[in-house]
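Take a look at the structure below.
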Amino acid sequence: MTVFRLTLAIALCVLVAGSVVMAARWFSPAGRRLPACASAFGRALFRGRFLAMSRSLILEILLQFHVLRQSPVRWLAHFAIFAGFFGLFFMHALEPVLSRPYFPDYEPTLDPYQFLRNLFGAMVLLGAALALVRRLAVGRLRRISGPEDWLALGLLFAIILSGHLFDAAKTLSERSFDRMAADYLPSPAPEELEAVKAFWAASYGSVFETPPPKDPQTVEAGKELSDASCAMCHAPASSAFVTRPMVLALQPIAPEMERLRADEWLHDAHYLLFFLFIAWLPFSKFRHILTAPVSLLCRAAAGIPGEAGGPAAETRRAMALDACVHCGACSLVCSVGPSYEALADPAVLPSEKLKSLFAYWRGKPQSVRDRGRLAEGSFTCTACYRCSRICPCGIDLQDLWLASKRELNEKGPKDPYVFLRGRAEIPPPPVETLMRPRRMGAAHLPRLTGDPGTFAPCVQCSTCTSVCPVTAALGASPDDIDASPHQIMNLVRMGLRDDAIATRMVWNCVTCYKCQEFCPQGIKVADVLFELRNLAHARLRDVDFQDLGDPPRTDAATGRGA
Amino acid sequence: MERKDVSCDVLVIGAGLAGMAASLFALEKGLVTAQAGLPGETLFASSVLDLMAVTPIEEGRLWEDPFAAIAAEIAQNPAHPYAKVARKDIEAAFGAFTGFLAQAGMPYAGRDGRNVEILTPVGTSKRTYRVPESMWKAVLAMEEKAPCLIVDFEGLKGFSARQIAETQKADWPGLRFVRLDFPGMTGDLYVEKMAFALEGESVRQALAEAVRPHIGDAAYVAFPAVLGHYRPGKVFAEMERLLGVGIFEIPTMPPGVTGLRLKAAFEEGLAGKGLKSLFQKLVLGCRVEEDGSFLFSMGRNAEEFTVRAKAAILASGRFFGKGLKAERELVREAVFGLPVEQPKGRAAWHQKDMFDQAGHPINRAGIVTDARLRPLGADGLPAFPNLYAAGSILAGQDWIRMKCGAGTALATAYAAVNDIAAG
């Protein structure tokens, strides 16, 4: 037992240390950020955000209704894991400190506790199975799922399954039976012991080296004895609806398990896996158990969009990096998702860009290529706000992107339009890159802009420009609109694709699709703007940024990487 | 992508004036209605509703009584679609249509049984039947030849107050003009943005400040049609209050805010009545089920879903609307491949003179129907027992020159829906 206590102590230390380091990251430099956060928190309470925070605590953090509204399947999966896991945690893992002191009749093998343990276990297994199937079935989700996602799911399965298997192995084990019999059947007559064995074999499925008799009289006699000595601590096997089928399935190999002392090592494995979970928590996606509630409360307190700048916003950004569960919800709704398909650059998708940004902001070494990809993903983003709205952990993703774009524009690689402007002669990708469509995606092919049919019906009626919210927003400063949407359509129609790419408008488009919706001729205006961007990104991959005046890179990595 | 197959009593194909009217009438008859097509072309509508003003077009004869004009046209040209709709149905169609638009915040005005006259953006006058209330004082001002100030804006293309005043000078000497900077905007102006800006109080006040010194003796002030997009009634009333004189709008060159207002009124109002809107989706193919209903294959490029419809109304418009497709020698109907009544060979499509007052034969090409507005197949019988056609795709009319576009759209949509509802 001391080994377990020691392991548990180590795991808890790791958990505490990891969490403290994480929280320190959020609030450092503490002199600047702590007071700002405290005052922001105070302001929120003072301004009556208390109700919103209570609402978030009940509806979002405990019941997760915001996920239910988005996707009932995702909610079912997550809520089953959440409720089952915490049910087990409080009732079963904290048995010595909660269940026993507060429930005088508590006994893990008595109902309702036995039933509840099975119910919670079944919920976690069902939820994890749903999550697994969803990750495998949704194409984009499968592609962005990494080792951590699979490991986390695997650990959940392993903890719950090892627990139930341990339970089953113990029920099957003769040695366990003998130990219990020695304690609770004081000096039984041999035929009495036989009768109890017969009853346990018949109703609980225990397996004995010398099979006890099966005749009804003996079993009935065993039942009476068992009722007198065992039933006060053992509910009928039927309420253990997860363990029971395992017992029946394992009966054929029960003697072998007994020989290998399976009940003992399954017990150890169950404990160690759970300790592993505790220690891994602050370093894995499981940290969202701690961070997501904080992030959701912050969102409720600050509102969305929150404060644009200042130390409190920096803390929220740092927190956001830790709150992500990599559930992929943002990537499934991303408006520039099609660019991911075309550019084959995962950093286009919010969930992947967040990982990249995590590395960038935490100062982890990044290759030039990774940095280029981060920039590509960042500048493909149109700040449409969908990711912020859907994030189940309450992360204001858009705020992260706006901040990272500002930073990239200072430190490089910059907004592609900055390079492209006035440099219409950017060489097309070399042939060998064209031969590698998997890496390049389809972005180097001018599917729409190379097809005269795309523009043939355009009558330059300027409807697209008239309804464009970007030209409206920038209307006061004509410098910002160097070309309006209908003029870009005309540039492309005249074959001046490179000039079109180098306009600011192409990069200012917010992909609201109003132009495309309103076009009386059904021209795919927004899709064309999209394609121009993708073409530019695909080309920039093969351009040496230093030749274009990009500030020298500080990265240790050399060359452009493949 | 999620696939949502639709089932309905009637599918309206086309989202212009005729299609929107057909959907409205069908919904009001309690039919389960779906509508497909690109509503963007509504942006080209001036929002005035013509009934019939010119016939015979060779003579350019103008009529005050549109119903008398219709009778005269039918007498001479029995192929005109109006020949298939009774006067009471035409009146009922206008009543239902303008009633719906009034509810949607776009009330109309006019005189029963009489055409009225308004100004166009190039300064000519035009006869029409019903005008948005924001243009009604144009009718009064023109009848009175009252002193008026026409305002235009630096940077707004296709609208010159000076041109309007110069063109009307001989008949209407009291017209004056002024060109102003639009508050808060420079460079090229776009009407949608101006209309949106005017929904804000400060812009209205700034505009009123700029106009006020020029009013002088004017009884009315005229603006290009930019007075509000989503709440035109409010913007109009506020501007009138701020200026202290009557105001009216003159339609701008298409595409304009007048069309945007119509589009918004349709899309919101029809959705409120339960329309299954499939805007942006096109009919890609069609087959007839055993019970006679249509099974349409729908999508943008490839099939995305199907629509099962007991009946369909083809309101896909002419060449610009892509209901008719002009090939080198032949005009085809785009959705069903119906026979198109047309001049024989390209040489016969046009007159020698582009501006020939009689119009070009190709302008009268279109779909021929039976008396119940069901398109005829090659054998002269209805191509389908449950397919109807409405609006400008119909043969036998030259709506631009006759000034009968909106009336034809409303009347034929109304008659087609009545026939479907009578089932």
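Those protein sequences? They're chains A and B, same order as listed.
Counted the way my numbering counts, the first sequence spans residues 662 to 1223.
Counted the way my numbering counts, the second sequence spans residues 292 to 714.
Glycine residues also receive a C-beta, built at the ideal position from the N, C-alpha and C atoms.
- With DSSP as the reference, label R609(B) as helix, strand or coil. Three-state DSSP puts R609(B) in coil, outside helix and strand.
- Backbone CA spacing between L1095(A) and A1044(A) [nearest angstrom]: Low confidence applies to L1095(A): its pLDDT is 45, below 50, so where it sits in the model is not reliable, and the reading given next is rough at best. Going by the C-alpha atoms only, they are around 30 Å apart.
- Any idea what DSSP makes of R453(B), helix, strand or coil? helix
- Members of the stretch 1123 to 1136 of chain A near chain B, C-beta cut-off 9 Å: When C-beta distances to chain B are compared with 9 Å, the residues of the stretch 1123 to 1136 of chain A below that value are S1123, T1124, T1126, S1127, V1128, C1129, T1132, A1133 and G1136, in chain order.
- Query: For Y481(B), which residues in chain A fall below 9 Å Cβ to Cβ?
  - Reply: S1123, T1126, S1127, V1128, C1129, T1132, A1133, G1136 and S1145
- Message: What residue range does the alpha helix (DSSP H) around E620(B) cover?
- Response: Counting along the chain, E620(B) falls outside any alpha helix (DSSP H), and DSSP gives it neither H nor E.
- Item | Extent of the continuous beta strand (DSSP E) to which I796(B) belongs | The shown model of chain B, from 292 to 714, leaves out residue 796(B), and the question about it has no answer.
- Indicate the three-state DSSP secondary structure (helix, strand or coil) for K405(B) in the structure shown. A quick correction: the sequence has Arg, not Lys, at residue 405(B). Note: R405(B) maps to strand in three-state DSSP.
- Within chain A, partners of G331(B) - CB distance below 8 Å: The contact set of G331(B) on chain A, defined by CB atoms closer than 8 Å, consists of T1124, E1178, F1179, C1180, P1181, Q1182 and G1183 in chain order.
- Under 7 Å from any heavy atom of the ligand MN, does the C-beta of L982(A) make it? The ligand MN is absent from the structure shown, which contains no ligand whatsoever.
- Item | Separation of I1149(A) from L342(B), as counted between CA atoms | 39 Å
- Query: Bridge partners of K616(B), per DSSP?
  - Reply: R623(B)
- Task: Below 8 Å on the Cβ atoms is my guess for L822(A) versus G866(A); work out the distance and round it to an integer in Å.
- Result: About 18 Å separates the CB atoms of L822(A) and G866(A); that is not less than 8 Å, and the two are not in contact.
- Could you spell out the range, first to last residue, of the beta strand (DSSP E) harbouring F587(B)? F585 to G590
- Provide the residue(s) that pair with C959(A) in DSSP beta bridges, ordered along the chain. C959(A) is not bridged to any residue.
- Could you give the residue range of the beta strand (DSSP E) that holds Y1046(A)? Neither: Y1046(A) is in no beta strand (DSSP E) and is coded neither H nor E.
- A706(B) versus D670(B), L315(B) and R578(B), residue with shortest Cα-Cα distance: L315(B)
- Own chain residues within Cβ distance below 6 Å of S298(B), not counting five before or after: R599
- Query: Within 10 angstroms of its Cβ, does Y1078(A) collect 16 or more other Cβ (buried), or is it exposed?
  - Reply: buried
- Message: Can you check whether the C-beta of L534(B) is within less than 8 Å of a C-beta belonging to chain A?
- Response: no
- Note down, in chain order, each residue of its chain lying with its Cβ closer than 6 Å to the Cβ of A738(A), except the 5 sequence neighbours on either side. So the qualifying residues of the chain are G788, L791 and A792.
- Task: Tell me where the alpha helix (DSSP H) around I820(A) begins and ends.
- Result: Start and end: P808 to L833.
- Message: Can you confirm whether Q367(B), when its beta carbon is compared against all beta carbons of chain A, has any partner nearer than 8 Å?
- Response: Chain A contact via Cβ: absent.
- Query: Which residues in chain A sit within 9 Å of F487(B), going by Cβ to Cβ distance?
  - Reply: Simply A1133.
- Query: Between L729(A) and the rest of its own chain, which residues show a CB-CB distance below 7 Å, the 5 nearest in sequence each way excluded?
  - Reply: W736
- Query: Could you give the C-beta distance for F646(B) and A1133(A), rounded to a whole number, given that I count them as a contact under 8 Å?
  - Reply: Not quite, the Cβ-Cβ distance comes to about 38 Å (not below 8 Å), so this is no contact.
- Compare the C-beta of Q326(B) against all C-beta atoms of chain A and say whether one is closer than 8 Å. So, not an interface residue.
- Measure the CB-CB distance between P652(B) and P1181(A) and report whether it falls below 8 Å. In this structure, the beta-carbon distance from P652(B) to P1181(A) does not fall below 8 Å.
- By how many angstroms is the C-alpha of L1106(A) removed from the C-alpha of I671(A)? 56 Å
- Message: What would DSSP say about P757(A), mapped onto helix, strand or coil?
- Response: helix
- Quickly, what does DSSP pair D443(B) with across the bridge? List them, please. R470(B)
- Query: Does F335(B) come within less than 8 Å of chain A when only Cβ atoms are used?
  - Reply: Yes, contact with chain A.
- Query: Under the rule that 16 or more other beta-carbon atoms within 10 Å means buried, what is G507(B), buried or exposed?
  - Reply: exposed
- Item | Three-state secondary structure assigned by DSSP to Y705(B) | helix
- Which bits of chain A does Q496(B) rub up against, with CB to CB less than 7 Å? Simply none; closest approach about 18 Å.
- Do you know offhand how far S1123(A)'s Cα is from E595(B)'s? If I take the Cα positions, the gap works out to 29 Å.
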